[in-house]
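Student: At the far end of the sequence shown sits residue 104, using the numbering used here, and the numbering has no gaps.
All C-beta atoms in this analysis are idealised placements derived from N, C-alpha and C, irrespective of residue type, glycine included.
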Amino acid sequence: MTDYHYQAAGGIGKEAVFAFAEAGAEDNICADLKGNEPPASPKKSLVDFAVQEFARIDYLVNAAGARTETSISKARLTRASHIDVEAVVPSHLTSDADLTRVFDVNARGAFLLYKAVAQH
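Okay, here's the thing in structure tokens:
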């Protein structure tokens, strides 16, 4: 089984790699695209490398993500699963540029990676 795993900075991506390895996956690739940038070329290069190296891609875990420094991203869950409301900043303070960056990484970036994988 050939598996391609893309991770942004650890966390979910790292744990997915461990889960696939425990399930018997033989080949895993983890890639960290610095800055969570959405352009297609680095993602296409990663996909091309995986196909060249392993002939195919069976699974993709796209765990990249960006967030703004406002609203729920500043909220912290306590051990009792309560939101620390003092840390919450209202969403209306999010700039258009921050929102564009979040959508570029989280939606457009994910789409471009899936699109590159689907072509193989």
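1. Could you tell me the boundaries of the beta strand (DSSP E) in which V45 lies?
2. Counting along the chain, where does the alpha helix (DSSP H) carrying A94 start and finish?
3. Within 10 Å of its beta-carbon, does A0 have 16 or more other beta-carbons around it, so buried, or fewer, so exposed?
4. Should A91 be labelled buried (16 or more other beta-carbon atoms within 10 Å of its own) or exposed?
5. Taking its Cβ as the centre, do 16 or more other Cβ atoms sit within 10 Å of L77, making it buried, or is it exposed?
6. Rounded to a whole number of angstroms, what is the C-alpha to C-alpha distance between G42 and K99?
7. Between which two residues does the alpha helix (DSSP H) carrying G(-3) extend?
8. Do you know how far the Cα of A5 is from the Cα of G(-3)?
Tutor: Taking the coordinates as given:
1. L44 to N46
2. A94 to A102
3. buried
4. exposed
5. exposed
6. One point to set straight first is that residue 42 is Asp, not Gly, in the sequence displayed. Between D42 and K99, the C-alpha separation is close to 14 angstroms.
7. I(-4) to E6
8. 12 angstroms
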